[in-house]
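Below: the structure, in structure tokens.
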């Protein structure tokens with residue numbers, strides 16, 4: 001295969017890779033997740049809601065959607081956060097009197113200007129319930145403790161958004177692979193340019 005043919009193949013491959021990346025950026029129905037984050041607090045007499053997803057390549061979590069927040073406005077760790085504890089354990093967690101506790105919720109409060117007083121957080125499992133891929137949290141229940149209805153509602157929503165979060169989770173893995181492929185393509189292009197210079 002000549003160097004011109006290789007260059008053509010690289011250009012064709014790059015176009016396909018860019019089209020695939022654009023396609024994956026649109027998958028996940030984030031509008032639905034944002035709608036849930038916007039209406040859930042009012043329906044359960046709370047202040048805010050957040051939907052988090054695990055980054056498959058690190059021990060970090062990021063917010064997919066949140067009340068009054070944009071995607072990726074917040075990041076958290078698996079080890080130091082309440083949402084991380086839920087994801088690691090696969091069990092719901094309720095924490096009261098957060099204003100008296102020190103943790104990542106304080107950092108999030110400084111960043112967003114929102115102070116948390118109580119939280120209910122439930123895991124979102126992948127299909128087959130083999131792995132926790134994210135979590136939904138409800139913050140600051142008005143004038144009362146979280147109820148069994150709150151637990152049931154969040155668990156039901158976790159099941160309903162599973163497919164959306166799983167698509168976004170898988171997209172993250174693919175974006176990492178595509179980024180590595182892009183790096184290899186750039187390296188091959190440099191080698192091709194160098195080979196052409198030497199031929200001249």
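Residue numbers (UniProt numbering): 1 to 200. We put the beta carbon where it would ideally sit given N, CA and C, even for glycine.
With DSSP as the reference, label residue i as helix, strand or coil.
i: residue 34; result: helix
i: residue 140; result: strand
i: residue 145; result: coil
Quick test of your reading: residue i and residue j, contact by CB under 8 Å. State the CB separation rounded to the nearest angstrom.
i: residue 168; j: residue 123; result: About 16 Å; that fails the 8 Å criterion.
i: residue 136; j: residue 51; result: 5 Å
i: residue 33; j: residue 164; result: 6 Å
i: residue 66; j: residue 37; result: 5 Å
i: residue 162; j: residue 127; result: 7 Å
i: residue 46; j: residue 142; result: 7 Å
Alpha carbon to alpha carbon, what distance is there between residue j and residue i?
i: residue 201; j: residue 12; result: Residue 201 cannot be examined here, being either before or after the span of the chain that is shown, 1 to 200.
i: residue 184; j: residue 60; result: 26 Å
i: residue 125; j: residue 78; result: 15 Å
i: residue 194; j: residue 53; result: 43 Å
i: residue 68; j: residue 42; result: 13 Å
i: residue 188; j: residue 171; result: 25 Å
i: residue 146; j: residue 155; result: 13 Å
i: residue 202; j: residue 94; result: Only positions 1 to 200 of the chain appear in the structure, and residue 202 is not among them; the question remains open.
i: residue 186; j: residue 62; result: 29 Å
Alpha carbons only, please: which of the options is nearest the one belonging to residue i?
i: residue 152; options: 181, 62, 77, 138; result: 138
i: residue 129; options: 166, 93, 97; result: 166
i: residue 58; options: 84, 198, 45, 46; result: 84
i: residue 158; options: 92, 44, 15; result: 92
i: residue 97; options: 140, 162, 16; result: 140
i: residue 55; options: 64, 48, 47; result: 64
i: residue 31; options: 47, 70, 48; result: 70
i: residue 89; options: 133, 47, 117, 15; result: 133
i: residue 150; options: 180, 49, 5, 186; result: 49
i: residue 121; options: 35, 82, 8; result: 82
Length at least 4, wholly inside the region 36-101: the alpha helix (DSSP H) runs in chain order: 82-89
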